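Engineer: In UniProt numbering, the protein residues as written are 1 to 661.
The beta-carbon is built from N, C-alpha and C at its ideal position, and this holds for glycine as well.
Note that the coordinates shown come from a computational prediction; the quantities given were computed from them, not determined experimentally.
1. In three-state terms, what does DSSP make of residue 394?
2. Would you grab the beta carbon distance between residue 38 and residue 242 for me? Rounded to a whole angstrom, and I think it's under 8 Å.
3. So is residue 94 buried or exposed if we call it buried at 16+ other beta carbons inside 10 Å?
4. For residue 409, does the three-state DSSP call read helix, strand or coil?
5. Measuring straight from C-alpha to C-alpha, what distance separates residue 115 and residue 385?
6. Measuring only the C-alpha atoms, how far is residue 297 from residue 378?
7. If you follow the beta strand (DSSP E) that residue 637 is in, where does it begin and where does it stop?
8. Considering residue 583, what are the terminal residues of the beta strand (DSSP E) in which it resides?
9. Quick check on the burial criterion: 16 or more other C-beta atoms within 10 angstroms. Buried or exposed for residue 381?
10. Would residue 138 pass as a contact of residue 44 if the rule is Cβ separation under 8 Å?
11. CB-CB under 6 Å to residue 541, same chain, minus the five flanking residues each way: which ones, in chain order?
12. Assuming residue 141 is part of the alpha helix (DSSP H), what are its boundary residues?
13. Pull the bridge partners of residue 568 from the DSSP assignment, please.
14. When you compare only the Cα positions, how much space is there between residue 88 and residue 321?
15. DSSP three-state label for residue 121, please.
16. Is DSSP giving residue 158 helix, strand or coil here?
17. Cutting at 8 Å between CB atoms, please list the residues of its own chain near residue 626, excluding the five before and the five after it.
18. Return the residue from the list 265, 383 and 42 that minimises the CA-CA distance to residue 312.
19. Among 150, 358, 247 and 405, whose alpha-carbon lies nearest the alpha-carbon of residue 679?
20. Smallest Cα separation from residue 176: which of 126, 344, 527 and 565?
21. Using only alpha-carbon positions, find the residue among 199, 526, 590 and 150 that is nearest to residue 120.
22. For residue 575, I'd like the list of residues in its chain whose CB is within less than 6 Å of its CB, leaving aside the five on either flank, ordered along the chain.
23. Taking DSSP's pairing of strands, which residues face residue 552 in a bridge?
24. Quick test of the definition: if touching needs 3 or more C-beta pairs under 8 Å, does the stretch 127-147 touch the stretch 215-230?
25. Just list the residues that DSSP pairs residue 648 with in beta bridges.
26. For residue 342, which residues in the same chain have their Cβ closer than 7 Å to its Cβ, ignoring the five residues on either side in sequence?
27. Could you give the distance in angstroms between the alpha-carbon of residue 184 and the alpha-carbon of residue 145?
28. Can at least three beta-carbon pairs, one atom from the stretch 250-268 and one from the stretch 17-28, be found at a separation below 8 Å?
29. Closest by CA to residue 583, which one among 529, 153 and 649?
30. Return the CA-CA distance between residue 669 and residue 68, expressed in angstroms with no decimal places.
31. Could you say which of 277, 389 and 240 lies nearest to residue 411 if we only look at CA atoms?
32. Just checking my contact of residue 309 with residue 316 at CB under 8 Å: how many whole Å lie between their CB atoms?
33. Should residue 514 and residue 531 be called a contact, given that it needs their Cβ atoms to be closer than 8 Å?
34. Residues in the same chain with beta-carbon distance under 6 Å from residue 336, minus the five sequence neighbours each way, listed in chain order, please.
35. Taking only three categories from DSSP, how would you classify residue 97?
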């Protein structure tokens, strides 16, 4: 029986609700990924889309994290909403709800166990093992939503083959398909099987918490009984914790009808808010859009509303659904009213039982209602306006949810706006920016010259002095001069807008930096900076500002580690580099210094006290690590008495473009 790769399968409504809420709250992609990964239906839907022909012949996606990066946040959110809408099509009875809950617990237990075993046995892709654990019994999920008894039994009897067929159709490779196909093989037959096959097979047995699984752990991986039981206990605790956080009962009968009704209401409210916003004129300036949408807010809530825009230091009444609108402007500073509190806090504020201020009384009079709910429009770190709704406090939770969804979607509309600009304005603005950057570079160059001269004199003076205390003080002065020079260097190369999808040519940036770093950090004859750049293209998916900050921090650290009698710092590049199913550009910065001391190695990328003396924060490497993480790169360090090497893998621009919107 052929299975379509793009399946429509049921999810526990509690998981879908939590995923929708995470998207609505703009939680981090890691948090959203963690929630979505815990549901087989959502994982299957995401894999089918991310590995579809829509994205061309690119690298297969093997985790939800990778899928999110390829799809992009906005498309990922839409996919979750679409999956939620599909849940409304499923009509499940009492026994089927119970089966769905038990399926969820077993698949999640298997996935968590597979990841724990992968980590324990050093399988290089633990997330892949987790995902296959979620999918191993997908045939059972298909059976739950299938009404025909004969077809249902077919899916239950052929789960391994169904999972293998789907995994193969998603392009996850023959080893992943084999892990599905041979999951029920006897442990005695698995001793010389592939690593991934053994992981999934053992995880499915351990998820049942029976004696056969404990014995299989010893046969397959040589794990002793005590360790295996501890893994089972820890996974069981983790599943219980996740179920509690989602509101899924594990120790009693389960029925998802209540959560399904809540899911339906949430989806309908989001659809209402979206439809209402689209009825308004969404062109023009921000104030015009805010003024227009107040009617839409009243349309979905049924309540009178006022719209205040943030202008200068004031909140100005722009429009309302109360008839004639008076001229009203109030300070945006804290004053105790619900309006200013909502604006400053960025959170909805209800009058409730609190004593109203004079402004609150004015708004109550305009709205002709017993209470007020103020809801801000949060557009990133900015709040362009606040809506004031007249309420009666009886249906406040529903009103608050509708208003919150409405303002979140309105903020998304405002964020996507691109201000109109004429060709002449764009040309003039670009010319002005180029002139300003050129002027800044010249000014920085003029300042850098005397800094370099001062630094050279300090170096010579230090060699003539025998007082260790004075030498240390001169070292601090020299370090601070280096830091000032590096900051100036960053200023002179900072673009008004960091480069985007096209990325930056790494070799060109390194050649530019090397010329200036040689003057500031390698002016002594005993110290040298060497470039070993590859001949292949090195365009990386990153902006130049971050690349420069990483290189400056690492080269400066390398120069400072060199002995007093000198040494060499070398910068090497290599491209393309293939690792973990991705294409990278490799950057290596190595030195012939003393190596990194043990106390620093133990917390290498955390802010620590360094060996540079008082006055240094030790933030350099932690900043480098954060910058590399932000670019979704990989950084590693090798150090010893012969010196230190930092190896950084940066996503190649061509690869990155295939992975995202």
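Structural biologist: Taking the geometry as given:
1. coil
2. 6 Å
3. exposed
4. helix
5. 46 Å
6. 16 Å
7. 634-640
8. 582-591
9. exposed
10. yes
11. 503, 651, 653 and 656
12. 138-144
13. 528
14. 35 Å
15. coil
16. coil
17. none
18. 383
19. The question about residue 679 has no answer, for the chain in this structure spans 1 to 661.
20. 126
21. 199
22. 534, 536, 538 and 585
23. According to DSSP, which records beta bridges pairwise, residue 552 is partnered with nothing at all.
24. no
25. 587 and 635
26. 348, 349, 374, 375, 376 and 386
27. 24 Å
28. yes
29. 649
30. With the chain running from 1 to 661 in the structure shown, residue 669 is simply not present.
31. 277
32. 5 Å
33. yes
34. 357
35. helix
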